[in-house]
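**Q** In this note's numbering, the protein residues as written are 38 to 244.
Have a look at the structure that comes next, please.
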Amino acid sequence: MSAEASSHAASGASAHPAPYRSSKLPDVKLLMWVFLASDTMFFGSLIGTYLAYRERSLVGPFPQDLFDIPLTTVSTFVLLMSSFLMVLSLHALRQNDIGKFRLWTAGVAFFGAIFLGFQVFEFTHFAHAGLSIHQNLFGTTFFILTGTHGVHVTVGVIWLVSLLVTSYIRPMKAKDAVYLEIAGLYWHFVDIVWIVIFTVVYLVEFV
Numbered sequence: 038m039s040a041e042a043s044s045h046a047a048s049g050a051s052a053h054p055a056p057y058r059s060s061k062l063p064d065v066k067l068l069m070w071v072f073l074a075s076d077t078m079f080f081g082s083l084i085g086t087y088l089a090y091r092e093r094s095l096v097g098p099f100p101q102d103l104f105d106i107p108l109t110t111v112s113t114f115v116l117l118m119s120s121f122l123m124v125l126s127l128h129a130l131r132q133n134d135i136g137k138f139r140l141w142t143a144g145v146a147f148f149g150a151i152f153l154g155f156q157v158f159e160f161t162h163f164a165h166a167g168l169s170i171h172q173n174l175f176g177t178t179f180f181i182l183t184g185t186h187g188v189h190v191t192v193g194v195i196w197l198v199s200l201l202v203t204s205y206i207r208p209m210k211a212k213d214a215v216y217l218e219i220a221g222l223y224w225h226f227v228d229i230v231w232i233v234i235f236t237v238v239y240l241v242e243f244v
């Protein structure tokens, strides 16, 4: 190849540089992973405290007297279905299908609200049965653990509703999917934490 041809090829390459693809995580996503790591340790300490003290209560009511496994199973299924809808919502936004994004996001928030309704019903039932955060060690550790998780679900629902409202104020496009993905990471984390709670708090009592 002549020097002139080489020069022409080089100039052509510089005129049309290859697209740059960075493997670096967006800062907001990295911050979310850091937050989730710290929150994992936080919930781990709450679950560990519950397991350490759940059988040290001197007075009732006790877990076996209160837990309604079929009811809690239904609420767990509702929360798991919300995670499935979150996957559909993110896929729709990446495809620029705003209609389906709004539909599935509203579904996630709705299922999250239903789960919270189950939790309020359960707390009310336990209170009527004589259990409070001050009643015994079981009540203290149980309400702190599940109440903290409920607060996380509430934050997630508010977050998703805000994204939904934003989509009507400012059109959202595929490039905005990273913000929904971050919300999705949070939501899936909350669901996974609940699966652990459901297993070690509710199911273990009847094994």
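C-beta: ideal position from N, C-alpha, C; glycine also.
All values derive from a computational prediction rather than experimental measurement.
Flag this pair as touching only if the stretch 87 to 96 and the stretch 200 to 217 have three or more C-beta atom pairs under 8 Å; answer yes or no.
**A** Not touching, per the Cβ criterion.
**Q** Where does the unbroken alpha helix (DSSP H) through Tyr90 begin, and where does it stop?
**A** That run of the alpha helix (DSSP H) goes 64 to 90.
**Q** Identify, in the order they occur along the chain, each residue of the same chain with its Cβ nearer than 8 Å to the Cβ of Leu166, setting aside the five sequence neighbours on each side.
**A** Looking at the sequence provided, one finds Ala at residue 166 rather than Leu. The residues are Pro98, Asp102, Leu103.
**Q** Please name the residue, chosen from Val115, Ile219, Pro100, that lies closest to Trp196 on a Cα-to-Cα basis.
**A** It is Ile219.
**Q** Around the C-beta of Ile170, are 16 or more other C-beta atoms found within 10 angstroms, so that it is buried, or is it exposed?
**A** Exposed: under 16 other Cβ atoms inside 10 Å.
**Q** If you count every other CB in all the chains shown that lies within 10 Å of the CB of Gly136, and 16 or more means buried, which is it?
**A** With fewer than 16 Cβ atoms within 10 Å of its Cβ, Gly136 is classed as exposed.
**Q** Taking Lys149 as the reference, which of Leu108, Thr161, Leu117 has the closest Cα?
**A** The identity of residue 149 in the sequence shown is Gly, whereas the question assumes Lys. With distances taken between Cα atoms, Gly149 lies closest to Leu117.
**Q** Using 8 Å for Cβ pairs, my map puts Val157 next to Trp224. What's the rounded Cβ distance?
**A** No, Val157 and Trp224 are not in contact; Cβ-Cβ is about 20 Å, not under 8 Å.
**Q** Classify His162: buried if its beta carbon has 16 or more other beta carbons within 10 angstroms, exposed otherwise.
**A** So His162 counts as exposed.
**Q** Taking all protein chains shown into account, do 16 or more other C-beta atoms lie within 10 angstroms of the C-beta of Asp64, making it buried, or fewer, making it exposed?
**A** Asp64 should be labelled exposed.
**Q** With H, G and I counted as helix, E and B as strand and the rest as coil, what does DSSP make of Gln172?
**A** Coil, per DSSP.
**Q** Under 7 Å between the Cβ atoms of Leu127 and Gly193?
**A** No.
**Q** Buried or exposed for Ile234, please, with buried defined as at least 16 other CB atoms from any protein chain shown within 10 angstroms of its CB.
**A** So Ile234 counts as buried.
**Q** Which word fits Trp141, buried or exposed, when buried means at least 16 other C-beta atoms lie within 10 angstroms of its C-beta?
**A** So Trp141 ends up on the buried side.
**Q** Can you tell me whether DSSP reads Gln104 as helix, strand or coil?
**A** In the sequence as presented, Gln is not what sits at residue 104; that position holds Phe. It is coil, neither helix nor strand.
**Q** Alpha carbon to alpha carbon, how far is Val96 from Leu201? Give it in angstroms, no decimals.
**A** Approximately 47 Å, taken between the alpha carbons.
**Q** Check for me: the alpha helix (DSSP H) holding Phe155 runs from which residue to which?
**A** Unbroken alpha helix (DSSP H) run through Phe155: 135 to 165.
**Q** By a C-beta neighbour count over all protein chains shown, 10 Å radius and 16 as the cutoff for buried, is Met78 buried or exposed?
**A** Classification of Met78: exposed, given that the 10 Å Cβ count is below 16.
**Q** Within a Cβ cutoff of 8 Å, which residues of the same chain sit near Thr177, ignoring the five residues on either side of it in sequence?
**A** These residues qualify, in order along the chain: Tyr90, Ile170, His171.
**Q** My understanding is that Val120 touches Asp228, with C-beta atoms under 8 Å, so please give their C-beta distance in whole angstroms.
**A** This sequence places Ser at residue 120; Val is not what is there. Their Cβ separation, rounded to whole angstroms, is 5 Å, which keeps Ser120 and Asp228 in contact under 8 Å.
**Q** Can you tell me which of the three DSSP states Val96 falls into?
**A** Val96 falls in the coil class under three-state DSSP.
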